[in-house]
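Right, one structure below, let's go through it.
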Amino acid sequence: MIGFVVFRMSSVLRNTLFDPVAGRRPEGDVSAHEKRQLLVEATGGDRAQVTVDASGARRLTTARTRRGVLAAAALLLAVWSLGRPAAAAGAPYYNLGLRWLGEAAVCQAPSGWTAARLLPALRGLPAALRDVCLYTWTAGVARPPSPRQVEELWRAAGASNMAEDVPVVHAMSSPEVMSTPEESFQTGLRGALTARVGGAGLLPTWPRYRAVRVVVIDTAPTSPHARIQLGASRHGDTLAHVIEDLVCQPLLCMDGCDAAELAARPCVSEVTTELALPWSARGIQGQRGGHVGTLADLARAIARALARWQAEGARHRLILNLSVGWEHTEQIAECSTAEPTSAPARAVRGLLQYAAAQGVLVVAAAGNDSAGPSPRVGLTCPGLYQAVPQAAHPSRALLIAASGVDYADQPLATARPGGRSGFAAPGLGGVAWIDGQPMPPQLVGSSVSTAVLSAVSALLWAADPALDAQEVAVNVYRGGDPVGPADSCPVSLPGCGSRRISTCGALLAAGVPTLCAPPPASGGSCPLLPGELAELAAAYAWVPPGTTVVQSPLLPATLPRYLAPSVQVQPSVFPMPVSATCPTCWVSSSNNSAPPSLTIPALGEPLGNAVLVLGLTDGSWHGVSLCNSTGSPPCLPPGTQLPPGTPYRFLIPSGWDVQAAYLTGIGALGYSVTEQIFVED
1007 MIGFVVFRMS SVLRNTLFDP VAGRRPEGDV SAHEKRQLLV EATGGDRAQV
1057 TVDASGARRL TTARTRRGVL AAAALLLAVW SLGRPAAAAG APYYNLGLRW
1107 LGEAAVCQAP SGWTAARLLP ALRGLPAALR DVCLYTWTAG VARPPSPRQV
1157 EELWRAAGAS NMAEDVPVVH AMSSPEVMST PEESFQTGLR GALTARVGGA
1207 GLLPTWPRYR AVRVVVIDTA PTSPHARIQL GASRHGDTLA HVIEDLVCQP
1257 LLCMDGCDAA ELAARPCVSE VTTELALPWS ARGIQGQRGG HVGTLADLAR
1307 AIARALARWQ AEGARHRLIL NLSVGWEHTE QIAECSTAEP TSAPARAVRG
1357 LLQYAAAQGV LVVAAAGNDS AGPSPRVGLT CPGLYQAVPQ AAHPSRALLI
1407 AASGVDYADQ PLATARPGGR SGFAAPGLGG VAWIDGQPMP PQLVGSSVST
1457 AVLSAVSALL WAADPALDAQ EVAVNVYRGG DPVGPADSCP VSLPGCGSRR
1507 ISTCGALLAA GVPTLCAPPP ASGGSCPLLP GELAELAAAY AWVPPGTTVV
1557 QSPLLPATLP RYLAPSVQVQ PSVFPMPVSA TCPTCWVSSS NNSAPPSLTI
1607 PALGEPLGNA VLVLGLTDGS WHGVSLCNST GSPPCLPPGT QLPPGTPYRF
1657 LIPSGWDVQA AYLTGIGALG YSVTEQIFVE D
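1007 is the number of the first residue of the sequence shown in the numbering used here; add one for each residue after it.
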């Protein structure tokens, strides 16, 4: 969902979320729209606007902000001259020039800047990583450095591979107030995912101690096992609890779970969190973590997890869960199998090499569709690094990456072109929490699949701690059910096909004695939840249904998903998924007495030009334009937005045997938003 880097853009600071003078806002007041805006303010970018010409045809126009144009120009001019890139000579910068990374034997900076080692003193850390320095402007966002002051830093630092440390947006799924029927639905999804994957109950014997630790490096505040804290973004803590559901026995508390009950919960693996996204606004660190970070923040989070593990004697087998991803941007957020040249990407990849050499298993997200007329192809980083060999063991992959499938073993509707990994895992309906805590929205995407892969790996390692990380990965793969060809394979599994993993399959492949059978593919994309859906339908039966107009034939070029890219094309790291626009939307079946319909209890953010895309069991796809309930105008005109917080219901044609569906539209900032939704079988 990837829980997926993960995951939105303009050059004017339009609200107090980005106002350095306005002070801290209550984090619960930060909307999904504002979280997206944060990255735009930090980087500049394009806005997409749908217009209608005289013939009634929809057209997409792009209005690039002045900052976006200048930032793009700066990238084109980022060539080395006189020992420094031209980008250092003039603003604007991606992050106002506030933080820079470089490599130097001594970390030094002129007046107005601080210089410090990026990483702690880990045992055996390569010299190239020990030399990475972080340079921070002391005046903050109120008075960002001038181009002259940045030049002074470059001269005084004497560092090589200097690059700006740019913003990283992760959390786009915000807490929502849910009704009792929605809680029941979320609970049903939670149980279905655990049943689909298989939990700790499949182990033949319970280990005497927790031999494995899984660290979720994401948006949740740094927390030890059994004390996972809620983040300002729920992406990280939700994924941590998804893993707990699989590696621990069920925990039911009458009036919420206290610390003693949580600590006593039987688990075969520890699950901890490490905060990689501390910024709730530019220059302001959130009290409960944030929605924004940088590659330096990510590197430091990885290093802290490794340092804590080493300080405790490395007594656990260690798994690092990275449900995040970033697209390639030259010299800013590089993403390729080639050796990176900029300090931020070098730090992250170098740390992953160091971790792998210590016997750590790293699990990353394959990534989700970037959308737009020319969507990005292949895995995002760090998932792409499964095609990179370990420096210490060239026959082994640096990490393994997970792509998402639904309950019918089909790629998720938001799957990335060329992004099917050898490791596939359920990626739909990822939701979990502790009794007594606010319920998060469900996640759909490769973030969830990554958490599942981490959990299954932890269960196998707990069953047989004598295995090394490579053997764990190979057995998890061997125990998977084939689900089609793979676009990307780990170095250690050349020519692989894509396999949907399960705990049962992994245990059997490793020779662990257990009585189980891997679950087969389901008939539909979603689990069977008849009682929960009936309760939801009854709760929203009062909503007057709107009508729809079928797009036939379906022309992809007319869909918002293909008219405008998603925000993840920006040079940043995102969660996978990037957003949770419609966490409890569902398409009802034509098999019951009521007319089939799409029900939207409440959107998480405004959505314009909304189109429902339905995949039928015969393999065809159909677009359905959503229309209002009054019939005047007959359909929502291009540019009209469905506001959040309002329930909607739209009738769809009878007789269609729908297997999968997704909702696509244009968000308030002009980027496309696409989310797979639940289909009643």
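From the three backbone atoms N, C-alpha and C, an ideal C-beta is built for every residue, glycine too.
- In the structure shown, Val1298 falls within a strand segment according to DSSP collapsed to helix, strand and coil.
- Closest by C-alpha distance to Pro1284, out of Arg1306, Asp1264, Arg1271, Ala1269, is Arg1306.
- Contact check for Thr1670 against Val1619 passes: the beta carbons are separated by less than 8 Å.
- Straight across, the Cα-Cα distance linking Thr1142 with Val1450 is about 36 Å.
- Sorting Val1221, Arg1105, Ser1342, Asn1481 by C-alpha distance to the C-alpha of Val1277 places Val1221 at the top.
- Distance from the Cα of Ala1111 is smallest, within the candidate group Gly1661, Ala1162, Gly1146, for Ala1162.
- Excluding five sequence positions before and after Glu1189, the CB atoms of its chain that fall closer than 7 Å to its own CB belong to Met1445, given in chain order.
- In the displayed model, Trp1160 falls within a helix according to three-state DSSP.
- Contact annotation: the region 1506-1516 touches the region 1470-1483, with at least three C-beta pairs closer than 8 Å.
- For a cut-off of 8 Å, the C-beta gap from Phe1191 to Thr1520 is around 31 Å, too long to register as a contact.
- Within the DSSP secondary-structure output, Glu1189 pairs in no beta bridge.
- CA-CA distance, Ser1660 to Pro1602, rounds to 6 Å.
- Val1172 carries a coil assignment under DSSP once its states are collapsed to helix, strand and coil.
- If you look at Leu1669, you'll find it in the beta strand (DSSP E) that goes 1664-1672.
- DSSP places His1628 within a strand segment (E or B) once states are collapsed to three.
- Residue range 1487-1491 is occupied by the beta strand (DSSP E) that includes Pro1488.
- The Cβ atoms of Ile1606 and Pro1653 lie closer than 8 Å to each other.
- Under a 10 Å Cβ-count criterion, Gly1319 is classified as exposed, with fewer than 16 other Cβ atoms of the shown protein chains found around its own Cβ.
- Contact between the region 1368-1375 and the region 1401-1412 is present: three or more C-beta pairs spanning the two stretches fall below 8 Å.
- The way I'd put it, the region 1541-1559 doesn't touch the region 1230-1241; fewer than three beta-carbon pairs between them come closer than 8 Å.
- Taking a 10 Å sphere around the C-beta of Leu1258, we find fewer than 16 other C-beta atoms and assign the residue as exposed.
- Per DSSP, Tyr1141 is one residue of the beta strand (DSSP E) stretching across 1138-1143.
- In the three-state reduction of the DSSP assignment, Asp1474 falls in the coil class, being assigned neither a helical nor a strand state.
- In the three-state DSSP reduction, Ala1464 falls in the helix class (H, G or I).
- Between Glu1686 and Leu1473, the beta carbon gap of about 41 Å keeps them out of contact (Cβ cut-off 8 Å).
- Remark: C-beta atoms of Val1203 and Leu1252 approach each other more closely than 8 Å.
- When the beta-carbon positions are compared, His1247 and Ala1438 come within less than 8 Å of each other.
- Of the other Cβ atoms in all chains shown, 16 or more fall within 10 Å of the Cβ of Ala1608; this residue is therefore buried.
- For the beta strand (DSSP E) assignment, the uninterrupted runs of no fewer than 3 residues enclosed by the region 1095-1127 are, from N- to C-terminal side, 1105-1109, 1119-1123.
- Exclusion of the five residues before and after Trp1627 leaves Leu1560, Val1619, Leu1620, Gly1621 as the residues of its chain whose Cβ lies within less than 8 Å of its Cβ.
- Setting aside the 5 residues that flank it on each side, Thr1343 is surrounded in the same chain by Leu1390, Ala1393, Val1394, each with a C-beta closer than 7 Å to its C-beta; the list follows chain order.
- A distance below 8 Å separates the beta carbons of Leu1613 and Gln1647.
- For Ile1223, the enclosing beta strand (DSSP E) begins and ends at 1218-1224.
- The beta carbon of Gly1490 sits closer than 6 Å to those of Ser1504, all from its chain and outside the five residues before and after it, given in chain order.
- One thing to note: Asp1375 has its Cβ no nearer than 8 Å to the Cβ of Arg1426.
- Bridge partners of Ala1408 according to DSSP: Ala1371, Phe1429.
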